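Take a look at the structure set out below.
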Amino acid sequence: MRIRAPLTVLACALALAACKPQPGQPAAAAPAADAADAAAQPAAPAPAVAKPSGADDNLNAVLWMQRSVEYRASAETIYRAAADKLDAALKQPNWDALVPEERGNAAKGLKPAVVMDVDETVLDNSPYQARLVRDGKEYDEVTWDAWVAEKKAKPIPGVVEFAKAAQAKGVTIIYLSNRAVHLKDATLANLRSVGLPVADDEVFLGLGTVVDGCEQNGSEKNCRRLLAGKKYRVLMQFGDQLGDFVQVVANTPEGRDALLQQYHDWFGERWWMLPNPSYGSWEAMTFNNDYSQSREARREAKRRALDVAP
-18 MRIRAPLTVL ACALALAACK PQPGQPAAAA PAADAADAAA QPAAPAPAVA
32 KPSGADDNLN AVLWMQRSVE YRASAETIYR AAADKLDAAL KQPNWDALVP
82 EERGNAAKGL KPAVVMDVDE TVLDNSPYQA RLVRDGKEYD EVTWDAWVAE
132 KKAKPIPGVV EFAKAAQAKG VTIIYLSNRA VHLKDATLAN LRSVGLPVAD
182 DEVFLGLGTV VDGCEQNGSE KNCRRLLAGK KYRVLMQFGD QLGDFVQVVA
232 NTPEGRDALL QQYHDWFGER WWMLPNPSYG SWEAMTFNND YSQSREARRE
282 AKRRALDVAP
């Protein structure tokens, strides 16, 4: 899930020490007798100077998502396990993956659907994160929109197989994303290009979707889940952030822990969480959701949040 706000995309990772080359000592003057010989020799190439390597909180997180088999195995495990639960969900008429206040329907016989976040749940944006690491930058809407327009994101391991299996059982895939509505066409084109089922343009519920009678709070998804619940019986939800499943009223350690405990039994049944160490509301929680702070101030707050062995 991409949270729309001034948002850092940094996650906990290994900080690299910056390398600063030491200035060389001045060479001793050549003896006068050797001056002509020295002038006749080709100049020695200048020694290579190492480019300083700045610390970046997101280096290891992005590297793990791109290069580790452990990440791929984790994502595939989640989607395979969800596929195994799908038949049971379809057979139970009271099975619903939306919290009661978001179901928005009293009708029976609604078509079944699965609600899926897009970023780091369905599509892999780690190349964009890698650009930020390379360039020493943070997330901003201009570079993000440009990346989405490229339509180059690849599918998360296991998602295409799951989505196609769900489609074959008559289940509609709803893409409920915090990508803004003006990115709809590029997003749907990207989804189709990697083989994900897109029933029609209406299955994309982006940030800015108008829901009558429901006022959206920031990037929370509760109004759009309510809209999905009016049209479908939602069997499962997939995401990489807690807010992909339920409204997070207080993004604090206590508020998040309370939600996890309240819906603990839903995970692995109705709710399926994908790993994302690169960015998210969990990170913002550590610096009091205050993106007006400098990068170093936020980094220091994250250091203080660590549970350090004595």
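Residue 215 in my numbering sits at position 234 of the sequence shown, with consecutive numbering throughout.
We treat Cβ as the ideally placed atom computed from N, Cα and C, and that holds for glycine.
None of these values were measured; they are calculated from a predicted model.
Item: Only counting the same chain, and skipping five residues up and downstream in sequence, which positions put a Cβ closer than 7 Å to that of Glu52?; Value: The amino acid occupying residue 52 in the given sequence is Tyr; Glu does not appear at that position. These residues qualify, in order along the chain: Trp45, Met46 and Pro256.
Item: Alpha carbon to alpha carbon, how far is Asp221 from Lys202? Give it in angstroms, no decimals.; Value: 13 Å
Item: May I have the straight-line CA-CA distance separating Trp125 from Lys165, to the nearest angstrom?; Value: 14 Å
Item: Taking the alpha-carbon positions, what's the Phe268 to Gly224 distance?; Value: 18 Å
Item: Count Cβ pairs between the stretch 123 to 141 and the stretch 48 to 63 that sit closer than 8 Å; are there 3 or more?; Value: yes
Item: Pull up the distance between the alpha-carbon of Ala180 and that of Ser55, whole angstroms please.; Value: 28 Å
Item: Would you please state the rounded distance, in angstroms, between the beta carbons of Lys145 and Leu67? I believe it to be under 8 Å.; Value: Actually they are not in contact, since the Cβ atoms of Lys145 and Leu67 sit about 12 Å apart, beyond 8 Å.
Item: Is the stretch 96 to 104 close to the stretch 147 to 161, with three or more CB pairs under 8 Å?; Value: yes
Item: Kindly give me the distance between the Cβ atoms of Gln110 and Ser259, rounded to whole angstroms, as I take these residues to be in contact under 8 Å.; Value: 5 Å
Item: What beta strand (DSSP E) runs, 3 residues minimum, are completely inside the stretch 63 to 113?; Value: 92 to 97
Item: If you follow the beta strand (DSSP E) that Gly187 is in, where does it begin and where does it stop?; Value: Phe185 to Leu188
Item: Have a look at Gln218 and Glu277 and give me their C-alpha separation to the nearest angstrom.; Value: 35 Å
Item: Report the residue from Cys195, Val80 and Trp263 whose alpha carbon sits nearest the alpha carbon of Ala252.; Value: Residue identity differs from the one stated: residue 252 is Trp in this sequence, not Ala. Per the Cα distances, Val80.
Item: For a quick check, are the C-beta atoms of Arg173 and Val129 less than 9 Å apart?; Value: no
Item: Could you check which residue in Arg48, Ala231 and Thr102 has the C-alpha nearest to that of Val141?; Value: Thr102
Item: So who's on the other strand from Gln218, going by DSSP bridges?; Value: Val96 and Trp252
Item: Short of 6 Å in beta carbon distance, which residues of its chain neighbour Ala64, apart from the five on each side in sequence? Order them along the chain.; Value: Phe143 and Ala146
Item: Kindly provide the ranges of any beta strand (DSSP E) runs that are 3 or more residues long and lie completely inside the stretch 134 to 174, ordered along the chain.; Value: 153 to 161
Item: Quick one: what's got a C-beta closer than 6 Å to Lys283's C-beta in the same chain, skipping five residues either side?; Value: Thr267
Item: I'd like the list of long-range same chain contacts for Leu(-5), defined as Cβ closer than 7 Å, with 5 residues on each side in sequence excluded.; Value: Confidence at Leu(-5) is low in this model, with a pLDDT of 34, below 50, so its placement is unreliable and no value can be given for it.
Item: Could you check whether Gly210 and Glu83 sit closer than 9 Å to each other, using their CB atoms as the reference points?; Value: yes
Item: Below 8 Å on the Cβ atoms is my contact criterion, and I expect Gln148 with Pro178 to pass it. Report the Cβ-Cβ distance as a whole number of Å.; Value: 4 Å
Item: Report the three-state DSSP secondary structure of Tyr213 (helix, strand or coil).; Value: strand
Item: Would you give the residue range spanned by the alpha helix (DSSP H) that Asp41 belongs to?; Value: Note on residue identity: the sequence assigns Asn, not Asp, to residue 41. Leu40 to Arg48 is the extent of the alpha helix (DSSP H) around Asn41.
Item: By how many angstroms is the C-alpha of Ala69 removed from the C-alpha of Arg48?; Value: 35 Å
Item: If I'm right that Val162 touches Gly189 with Cβ under 8 Å, what's the distance once you round it to whole angstroms?; Value: 4 Å
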